[in-house]
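Protein chains in written order, with full-length UniProt numbering: chain L, 1 to 725; chain B, 1 to 725.
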């Protein structure tokens, strides 16, 4: 028998685009995929005697390099029960195939109600990607399939089996035994290996992959499609060593940029009419801690800084050049950067590929060439650039000066600003590094992720992402980094329509939503769906200890609001378990008025007005081994009415901050607040209350729904890592 | 052949729980459902000659009143191709069936890859409910099914066909013709009729319902299950006339309550320690416009009102009695109500069925009996009661005195307060009638809906619902009323876990989430998922004209935020179409700076600072026949920076209010605002801006996501009615 390399060589020599069914199965078999035994016969008598050997009933199919769509062409005859039927089928197939006939393929008839499909595709962003789903005639019509990007673990292969809607069919089903899960996992892992080892394989289809009544798995039909260019790199091919060196140098360039001692702004101006201070003004006003050089041949000084006519005139090579000049001038500036050895550049200017205009696309191509040849690391164009509070670096209007353990990588400048403003202004959590990088000329998402993975200041990485240039590198980095530092991603364009808007926005090719969802399932990265959610969930990761499980106790909700808590928990897979009789008994002792609802959620208004009760509830929850997490509600309206002026809100909050931490410090504990009387007076207590809780390290949210969401996302993160070690 | 009545009588006489397969098909056939032709044979030779008549291949099945699970018992033999095979199968079946054998059923083999299932179940809330879904062996495993409550229209039957995930199989599929949709619709409508006409039929299963290669539809297997008590009424059976009279009197009682001239409060007290004014205090403080009688034997007067010892002592029969006394005393009060002829009662007191405690359940039962026998209309117990601003009626702490065209029916008192506070306080929209009715002793959701349907003041009906007592009546009312007055329902307990919390909260049985989703699809009622959303969507219905379609233009978003707009529109089926070249050309003429994104969403910052541009954009959108709706964003931060103090926000808003209405009055137009710098100064402009827009009749939301959601819900409502006339 041929080995795999010989087989593929032979197909390539014949310049065929695909393997025959028989060849496909030989190839798959070499990768540990269970295929049906079969033989090629080129004589009638041979067919009959093979059939005898195999045992009736058998299946006969046409065989030949040019035979596709066999069913439609009448080249498949199933359930043949005798020599006579075999020979008759043989003749019919031979005639129907005509000149394309090279023989017949004979197989036993594999019977089984349960037909699955498995396959390999090459995603434009992520490369070889393995599919598993419901097979047979309904594959496309039902679209019940899941994907994983190769390589992936055995655990992930296992999860794929459970992830499809029809996964019930893999259990014991209507008198048939449960499927051989090992064989299915080996099939998926084999496909992944095949895709990785053979870049010339564009696609593999196994359909049906039958589960027989005794649970065995057999690939009954298979097709392997080749394409020499399927995995060709976009741009010049670099050797592995060259790539490693490029990455190494990018890392160093980013280190210099994030820790810049000297920055030049090409196109520095005084504030424009709309009030925007411009790149230079922003850096100056924020109080950049290093040497700042404005470059503008028409001015002598800006904000008291001596202006220079060009980069050549500068007294030193700078750590970062910021470019803010009209689009058509940018290539010239880049050439000057190359000439002066200023190799790390942020281009603010827009109007390139993202505009969709011919001239913009041409300019970006020109810039790319200059940058690649000159070894420039270009952040942008079409982006807002940097915000690094410790260095007082900022290329937009306003930001907090407080640093913190969170970093943000954003493909959109608007979102970079909104996320940081919201998170720092509302919740006081600090970012140490923020970068908006727009069209990603030579530095892209994966480069920033790579840098932040090794950055000691950064404990949580947040991102706003649209497309990727090198999905495989990004995936690998994300998988590894997310184990140590939670990665939160707000992914724009996960809907079909949204995906269009993405490609018109940054010119990056967005991956299919299905593949992206698999990315999240596979890496354990946390998917969020809005600017606000990104900040809210980051806050939870920042403050909460590791969650041990999904069982959550909720304090402070009854009636319709309690129903809504239950609905929200159920939607997000956060368990709201019934308390045991034992725990209920203890609660009954603590909470006096008969008739108060002490189920979960606990509706004990009394606790908010009697700290003894509240403290005992905290203690019970902390000690109970049937509760993993605690969520509580602070009802501003009730509390406000207790004392003239509403000062009781602060009293209660201080108690929760102190005793909550004392008792519940060991368990993930989130506070939420609600106010349904739209009174400005009541509302004015919210920031006071939030500050007290945040200072105590308790994440706090407006509305239980946000708190449940944050708790659910943190719980899912730790659960993923517990299961994918 | 037997007719249907005779057939069912015969089965009942034999005390059988189900019909045989053959009987089932006779019954279904009488209801226009296409069934396979078949015959019962009790002799071998007969079997063979019938097979000849039918034509090979045939199917043979066991026949008998006690034969179930035929496949598992080996009583089904398919694909019999000769006399010999038929006779062999006949003998095997006869032997396997043993004493249960009454004959064999012989059918032609119906071949077809496409197997569906249809059926009838009797939902505990909604009664006969028809199912359509994917059939064959995968029915349960894939769970691809949809439901409609009988009766439903042909249009709805049509929608069912398209609603299942596997609906693609109904089109031309792999060389097979498209399915006979008429036959499928007749099947579903026939099942509905069967369920309505025969309350003793508990369940019907047709599986498989095969679509043959030529598109024909055949019910190949069928089962009809009977249950004499399936549709028995809960509580005493009333004649139709009695029911009509009860409903009529309830309507009158509610009219008196909502327009009360005189109200007595049993258990009137001075304010309690927590600061709650109590039922009487609330009515008094809100300034009830009629005669208000406190009843408390221990007091002489309350708030200057003379107190009475009991109802008997009152100088008149009152329009409404409010009861706020300890639970165990309530039955006595109800007896006094009966004795004094005070027949409309709101019971505030809790601690009955909802408590889950034995004594509470017993008390409620006792109260129910008193109420039914005495003809009392009881709102509650365990509820907050009424809020009617025009009558200055209020049984909770605080509320707006402004009336409006919206009514609210809420099963939760907390939600009733939150919804009205939020809607009136934030958006200034008025409610004319609000009622919270808790455990619904003798007046329930359907009664309030019935009243509001005929109430001239009410244009939009909103609800917070958990369970229903009489789902069928509610459905019918909702279907009819929603055509004239949009009905918005916040349904608690749509998740499994949530459903548990519901039943523990009000003691009402919640319907399965699947059936509830069908309820919304069938009636066109608008489903919302939170207190805030209910108010927000109600506001959109209040202000917007009828929408003509989903094509929406969005003004004011680019970059990452634009991507998020596209994602949100896609999720909610609101179209964000590309503009035509013609429209783009016109926009290019209006919006000066080259490079500005004029696609949809339009990212034209200039328009916010140049009213000439803004006005022209409004005009273009108003005139364009490729745009149905317009959404705009008001970016507070940009506008705030334009002038010291932020006054430009007001200038711009006034322009939008005037010109927006002038140009866009004809088209649904929603404004949204965003603020990402968490500055209190900027935020303080939000209420000013909201008020200007609301006064001009433009609904306004914080954040584009809420605006998109409201627009999408309104659009879906009018679209439903256009399609279901």
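We put the beta carbon where it would ideally sit given N, CA and C, even for glycine.
Legend entry - Rounded separation between residue 610 of chain B and residue 639 of chain B - CA only: Note on geometry: alpha-carbon atoms of residue 610 of chain B and residue 639 of chain B lie some 12 angstroms from one another.
Inset, instruction - Establish whether the CB of residue 677 of chain B and some CB of chain L are separated by less than 8 angstroms. - result: For residue 677 of chain B, the answer is yes, since a Cβ of chain L falls inside 8 angstroms of its Cβ.
Legend entry - Cβ-based contacts, 9 angstroms cut-off: residues of the segment 514-546 of chain L near chain B: Correct list: 529, 530, 531, 532.
Inset, instruction - Tell me, to the nearest whole angstrom, how far the beta carbon of residue 307 of chain L is from that of residue 294 of chain L; I am working on the premise that it is less than 8 angstroms. - result: Indeed they touch by this definition, with Cβ atoms about 5 angstroms apart.
Inset, instruction - Using three-state DSSP, classify residue 114 of chain B as helix, strand or coil. - result: Residue state, collapsed to three classes: strand.
Legend entry - Cβ shell of residue 412 of chain L (< 6 angstroms), same chain only, five flanking positions each side left out: These residues qualify, in order along the chain: 464.
Inset, instruction - Between the Cα of residue 398 of chain L and those of L:414, L:409, L:405, spot the shortest distance and give me the residue it belongs to. - result: Residue 398 of chain L has its Cα closest to that of L:414, out of L:414, L:409, L:405.
Inset, instruction - Closer than 9 angstroms, Cβ to Cβ, to anything on chain L: give me those residues from the segment 113-138 of chain B, in chain order. - result: Only 113, 114, 134, 136, 137, 138 from the segment 113-138 of chain B bring a Cβ to less than 9 angstroms from some Cβ of chain L.
Legend entry - residue 331 of chain L: first and last residue of the uninterrupted alpha helix (DSSP H) it sits in: According to the DSSP assignment, residue 331 of chain L belongs to the alpha helix (DSSP H) that extends over 330-340.
Legend entry - Whole-angstrom distance between residue 190 of chain L and residue 6 of chain L, CA atom to CA atom: Distance between the alpha carbons of residue 6 of chain L and residue 190 of chain L: 19 angstroms.
Inset, instruction - Using a Cβ cut-off of 8 angstroms (strictly closer), state whether residue 498 of chain L contacts chain B. - result: With a pLDDT of only 46 at residue 498 of chain L, under 50, the local geometry of the prediction cannot be trusted, and the value read off the model is given with reservation. Judged by the 8 angstroms Cβ criterion, residue 498 of chain L is in contact with chain B.
Inset, instruction - Give every residue of the same chain whose Cβ lies closer than 7 angstroms to the Cβ of residue 253 of chain B, excluding the five residues on either side of it in the sequence, and list them in chain order. - result: Hits under 7 angstroms: 343, 344, 377.
Inset, instruction - Say whether chain B places a C-beta atom closer than 8 angstroms to the C-beta of residue 293 of chain L. - result: Output row for residue 293 of chain L: interface = no.
Inset, instruction - Using alpha carbons as the reference points, say which of L:337, L:392, L:324 lies closest to residue 286 of chain L. - result: Closest in alpha carbon position to residue 286 of chain L, among L:337, L:392, L:324, is L:392.
Inset, instruction - Give the secondary structure of residue 164 of chain L by DSSP, where H, G and I count as helix, E and B as strand, and everything else as coil. - result: Residue 164 of chain L: coil per DSSP, three-state reduction.
Legend entry - Which residues DSSP lists as bridging residue 104 of chain L, in chain order: The bridge partners DSSP lists for residue 104 of chain L are L:41, L:62.
Legend entry - Positions along the segment 561-587 of chain B whose CB lies within less than 7 angstroms of some CB in chain L: Legend: CB atoms of the segment 561-587 of chain B lying less than 7 angstroms from CB atoms of chain L belong to residues 561, 562, 563, 564, 566, 567, 569, 570, 571, 576.
Legend entry - Minimum Cβ-Cβ distance from residue 505 of chain L to chain B less than 8 angstroms: Any reading at residue 505 of chain L must be qualified, since the residue scores a pLDDT of 32, below 50, and its modelled position is unreliable; the value itself is stated next. Chain B, which has a Cβ nearer than 8 angstroms to the Cβ of residue 505 of chain L, makes this yes.
Inset, instruction - Measuring only between beta-carbons, confirm whether residue 369 of chain B sits less than 8 angstroms from chain L. - result: For residue 369 of chain B, the answer is no, since every Cβ of chain L falls outside 8 angstroms of its Cβ.
Inset, instruction - Helix, strand or coil for residue 463 of chain L, going by three-state DSSP, please let me know. - result: Note: residue 463 of chain L maps to strand in three-state DSSP.
Legend entry - Cut-off 6 angstroms between Cβ atoms - residues of its own chain near residue 101 of chain B, not counting five sequence neighbours on either side: Excluding sequence neighbours, residue 101 of chain B sits near 64, 94.
Legend entry - residue 407 of chain L beta carbon less than 8 angstroms from that of residue 384 of chain L: The criterion of a C-beta distance shorter than 8 angstroms is not satisfied by residue 384 of chain L and residue 407 of chain L.
Inset, instruction - For my contact list, residue 701 of chain B and residue 486 of chain B are in at a C-beta cut-off of 8 angstroms; report their separation, rounded to the angstrom. - result: Actually they are not in contact, since the Cβ atoms of residue 701 of chain B and residue 486 of chain B sit about 18 angstroms apart, beyond 8 angstroms.
Legend entry - Where the alpha helix (DSSP H) through residue 445 of chain L begins and ends: Residue 445 of chain L: member of the alpha helix (DSSP H) spanning 445-453, first to last residue.
Legend entry - Rounded straight-line distance, which links the Cα of residue 282 of chain L to that of residue 458 of chain B: The straight-line gap from Cα to Cα measures roughly 55 angstroms.
Legend entry - the segment 20-39 of chain L in contact with the segment 71-85 of chain L per 3-pair CB rule at 8 angstroms: Taking 8 angstroms as the limit for Cβ pairs, the verdict is that the segment 71-85 of chain L does not touch the segment 20-39 of chain L.
Inset, instruction - For the alpha helix (DSSP H) containing residue 314 of chain B, list its first residue and its last residue. - result: DSSP places residue 314 of chain B in no alpha helix (DSSP H); its state is neither H nor E.
Legend entry - Proximity test, Cβ basis, 8 angstroms: residue 629 of chain L and chain B: Judged by the 8 angstroms Cβ criterion, residue 629 of chain L is not in contact with chain B.
Inset, instruction - Answer yes if the segment 203-211 of chain L comes into contact with the segment 118-126 of chain L, meaning at least three C-beta pairs across the two stretches below 8 angstroms, and no otherwise. - result: Contact between the segment 118-126 of chain L and the segment 203-211 of chain L is present: three or more C-beta pairs spanning the two stretches fall below 8 angstroms.
Inset, instruction - Can you say whether residue 3 of chain L is buried or exposed, counting buried as having 16 or more other CB atoms within 10 angstroms of its CB? - result: Exposure of residue 3 of chain L is indicated by the presence of fewer than 16 other C-beta atoms within 10 angstroms of its C-beta.
Inset, instruction - Would you verify that the beta carbon of residue 422 of chain B is, or is not, closer than 8 angstroms to some beta carbon of chain L? - result: It does: the Cβ of residue 422 of chain B has a partner Cβ on chain L nearer than 8 angstroms.
Inset, instruction - Answer with yes or no whether the minimum CB distance from residue 439 of chain B to chain L is below 8 angstroms. - result: No, its Cβ sits nowhere closer than 8 angstroms to a Cβ of chain L.
Legend entry - Cβ-Cβ separation, residue 433 of chain L to residue 728 of chain L (assumed contact under 8 angstroms), whole Å: The structure shown does not extend to residue 728 of chain L, since chain L is modelled only from 1 to 725, so the question has no answer here.
Legend entry - CA nearest to the CA of residue 58 of chain B, picked from B:47, B:79, B:45, B:524: In terms of Cα proximity to residue 58 of chain B, the closest of B:47, B:79, B:45, B:524 is B:79.
Inset, instruction - State yes or no: is the beta carbon of residue 324 of chain L nearer than 8 angstroms to at least one beta carbon in chain B? - result: Output row for residue 324 of chain L: interface = no.
Inset, instruction - Measure the Cβ-Cβ separation of residue 297 of chain L and residue 315 of chain L and say whether it is below 8 angstroms. - result: No; because the gap between Cβ atoms is not below 8 angstroms, this pair is not in contact.
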